[in-house]
Amino acid sequence: MIEQFFGKEFRVILACLAGYFLLAALAFKTPFAGALVAATAIAAFAVALKRLEWGIAFAFAELFANSHGHLADLPIGGFVLSTRMAVFFGVMAAYSVHLIRRRVRLPLSDTRLSPYILLYAVAFAAFLIGIRLNGFGNAFRDGNAYLYALYALPVLSAHWDAAGKRLLLQTLAAGAAWVSALTLGLVYAFSHLSGLALADVYTFIRDTRTGELTQMAPGIFRVFLQAQFSTVVAALLLGSLALSGVKGRRAWVATVASFAAVSVAILASLSRSFWVGGVAGAFVLILLLALASRIRLKRALPGIAALVGGKLFGVALLAAALFFPIPPPNGVTFGELAGLFSERATGTAEAAIDSRRKLLLPMIDGIRERPLSGHGFGHAITFVSDDPRVRARDPEGIWTTYAFEWGWLDVWLKTGLAGLAAFVWVFASAARSLSRGLAGDQAWLHAGLIASLAMLAATHAFSPYLNHPLGLGLLLFVLPFMKTKPPVVATEAAAPVAAQASTAPLMSE
26 MIEQFFGKEF RVILACLAGY FLLAALAFKT PFAGALVAAT AIAAFAVALK
76 RLEWGIAFAF AELFANSHGH LADLPIGGFV LSTRMAVFFG VMAAYSVHLI
126 RRRVRLPLSD TRLSPYILLY AVAFAAFLIG IRLNGFGNAF RDGNAYLYAL
176 YALPVLSAHW DAAGKRLLLQ TLAAGAAWVS ALTLGLVYAF SHLSGLALAD
226 VYTFIRDTRT GELTQMAPGI FRVFLQAQFS TVVAALLLGS LALSGVKGRR
276 AWVATVASFA AVSVAILASL SRSFWVGGVA GAFVLILLLA LASRIRLKRA
326 LPGIAALVGG KLFGVALLAA ALFFPIPPPN GVTFGELAGL FSERATGTAE
376 AAIDSRRKLL LPMIDGIRER PLSGHGFGHA ITFVSDDPRV RARDPEGIWT
426 TYAFEWGWLD VWLKTGLAGL AAFVWVFASA ARSLSRGLAG DQAWLHAGLI
476 ASLAMLAATH AFSPYLNHPL GLGLLLFVLP FMKTKPPVVA TEAAAPVAAQ
526 ASTAPLMSE
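Residues in the sequence shown are numbered consecutively from 26, following the numbering used here.
Structure representation (structure tokens):
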């Protein structure tokens with residue numbers, strides 16, 4: 026079953042992601058960057074027009090591989106059209122053509138759309154409130170990510186057969202593979218390079234909002250990419266597949282290599298939010314597989330060995346990138362590396378944690394002021410931050426922002442109780458529909474997707490992902506895998522027996 030993640034589509038998408046990154050790097054801060062964005066919009070439109078499912082996979086590939094979608098930007102007046110926006114407009118334009126030509130229909134009768142209708146209404150209301158209370162600029166910049174949820178319309182209109190679902194899985198795998206490779210490359214570069222070359226790489230990663238690079242010790246940088254979120258999702262799916270049984274040497278080796286790759290990204294991120302979310306997702310995964318009687322020790326042992334081996338191999342890859350002798354590393358030591366991971370896992374006295382604590386009470390006070398309707402998008406709070414970057418601007422640490430770390434409180438503060446209710450409905454609807462597949466041959470896939478949703482909910486508690494296309498994108502990604510409740514049909518004694526739906530693996534459907 027591991028083959029479902031790796032096929033021709035995986036290789037093509039991975040090559041395209043790597044090629045696009047290279048083109049964006051070459052076009053960085055040149056007029057060609059705008060041309061690249063325009064070409065991206067045209068390509069997305071053409072692919073989605075040819076086949077809607079391919080266009081949606083195009084959008085997911087860009088999402089899972091790129092943190093903020095700003096690898097290339099096209100300034101238009103006072104507006105900046107990013108790569109992600111270009112893909113969005115291209116796919117949605119093609120979807121509109123499909124609707125006009127009646128190749129697809131709006132999924133208004135699809136029960137999977139119902140919670141999204143409430144989410145659309147809540148987001149629209151929060152935008153209007155935000156314009157009135159906080160100004161159009163702040164409201165738009167804060168809430169425009171919710172436009173990504175409109176992808177639910179083409180996703181639910183598309184036809185997702187077995188091949189289409191495999192395409193989605195391979196798209197996720199390619200995105201996670203690229204993020205892992207990029208992470209490993211950045212770890213190597215920042216532990217070995219210096220001077221102008223390092224400055225150029227840092228500037229590109231920073232200005233395209235691909236990630237954050239922070240020196241933690243001599244020669245050791247934290248490489249945090251928001252797109253590493255996709256590697257946590259991939260890790261949970263791989264874990265679910267492994268615990269359900271790995272058959273054959275080739276599949277075992279592929280599982281080890283795959284888990285090693287995603288482990289590199291998760292470890293190098295030094296993100297406590299990812300780690301907490303991963304633990305929450307793993308707990309839900311094991312619980313679901315146990316309840317579905319999918320974990321049998323004898324069958325699971327090879328998979329457990331593959332996961333442990335993959336984790337160790339990932340640590341070895343990370344160490345190799347740091348200590349590779351050509352060119353000589355920049356003063357990296359094993360002691361500092363081990364101490365860094367220990368401190369991140371157990372430490373509580375850190376600027377980021379202290380800043381979160383100091384933000385908590387002002388956010389709660391804001392919620393108390395308007396608990397039902399919220400303050401709308403763009404609502405700013407002033408608090409004292411211990412972030413060194415803030416202290417460099419203001420020695421007292423006074424900071425005003427509308428971007429908050431406490432994700433669920435952010436939703437409540439800006440969209441009110443209706444916003445919380447909308448997201449709870451989206452999660453509950455997805456979990457309930459996916460749980461219908463726990464009794465079939467694809468139990469590992471459905472359990473892995475539910476665990477990924479649990480990971481998203483836990484991660485969002487500390488870092489905002491549901492008001493970001495990455496979090497919304499995962500909610501959209503699971504839609505084709507959700508099993509809708511079949512309609513109740515009255516049967517008669519002489520009625521013919523209906524054909525039973527296939528429960529065979531995706532590879533054979």
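Beta carbons: idealized from backbone N, C-alpha and C, even for Gly.
Terminal residues of the beta strand (DSSP E) in which Asp98 lies: 98-101
Coil, strand or helix - Pro512 by DSSP: Confidence at Pro512 is low in this model, with a pLDDT of 47, below 50, so its placement is unreliable and no value can be given for it.
Met241: first and last residue of the uninterrupted beta strand (DSSP E) it sits in: 237-242 is the extent of the beta strand (DSSP E) around Met241.
In DSSP terms, what Phe249 is bridged to: Glu237
Three-way DSSP call (helix, strand, coil) for Trp424 in this model: strand
Nearest-angstrom Cα separation, counted from Asp135 out to Trp450: 15 Å
Spatial distance of Thr196 from Ala40 (CA atoms): Their Cα atoms are separated by approximately 12 Å.
Where Glu421 falls, given that 16 or more other Cβ within 10 Å makes a residue buried: For Glu421, the number of other beta carbons within 10 angstroms of its own is below 16, and it is reported as exposed.
Through-space distance from Leu250 to Phe35, alpha-carbon basis: Near 21 Å, if we compare the C-alpha coordinates of Leu250 and Phe35.
C-alpha gap between Asn159 and Gly401, whole angstroms: 8 Å
Sheet register partners of Phe104 (DSSP bridge): Ile101
Start-end ranges of the alpha helix (DSSP H) lying completely within the stretch 165-202, minimum 4 residues: 177-182
For Gln29 and Leu194, the rounded distance between their alpha carbons: 7 Å
Length of the line joining the Cα atoms of Phe452 and Ser219: Per the coordinates, the alpha-carbon of Phe452 lies some 46 Å from the alpha-carbon of Ser219.
From Val248, Leu99, Trp277, residue whose alpha carbon lies closest to that of Leu292: Val248
8 Å Cβ cutoff met for Pro132 and Leu181: yes
Assigned secondary structure, Pro521 (DSSP; H/G/I helix, E/B strand, else coil): With a pLDDT of 41 at Pro521, under the threshold of 50, the modelled position of that residue is not reliable, and the figure given next carries that caveat. Under the three-state reduction of DSSP output, Pro521 falls in the coil class, being neither helix nor strand.
4-residue-minimum alpha helix (DSSP H) runs that sit fully inside the stretch 312-351, ordered along the chain: 322-348
Segment limits, alpha helix (DSSP H) that includes Thr407: Per DSSP, Thr407 belongs to no alpha helix (DSSP H); it is in the beta strand (DSSP E), 406-409.
Ala453, enclosing alpha helix (DSSP H) - first and last residue: 432-460
Collapsed DSSP secondary structure at Gly160 in the structure displayed: coil
As assigned by DSSP and simplified to three states, the class of Gln467: coil
Start and end residues, alpha helix (DSSP H) containing Ser294: 274-294
Straight-line Cα distance separating Thr484 from Phe299: 6 Å
Chain-order list of residues whose beta-carbon lies under 6 Å from that of Gly94 (same chain, five-residue window excluded): Ser107, Thr108, Arg109
DSSP state of Asp412 mapped onto helix, strand, coil: Coil.
Rounded C-alpha distance that separates Val72 from Met117: So the alpha carbons of these two residues sit roughly 12 Å apart.
Cβ-based burial, Val37 [other Cβ within 10 Å; buried from 16]: Exposed: under 16 other Cβ atoms inside 10 Å.
Proximal residues to Gly270 (C-beta, below 7 Å), its chain only, five neighbours per side dropped: Arg324, Ala325, Gly328
Helix, strand or coil at Glu28 according to DSSP, with G and I counted as helix: helix
Spatial distance of Phe89 from Leu316 (CA atoms): 31 Å
Alpha-carbon spacing of Val503 relative to Ala472, whole angstroms: 11 Å
Cutoff 6 Å; reference Pro56; Cβ partners in own chain excluding five residues on either side: none
Alpha carbon of Val212 to alpha carbon of Thr239, nearest angstrom: 11 Å
Where the alpha helix (DSSP H) through Lys54 begins and ends: Note, Lys54: premise wrong, no alpha helix (DSSP H); not H, not E.
Length of the line joining the Cα atoms of Tyr45 and Gly273: Taking the straight line from one Cα to the other gives about 35 Å.
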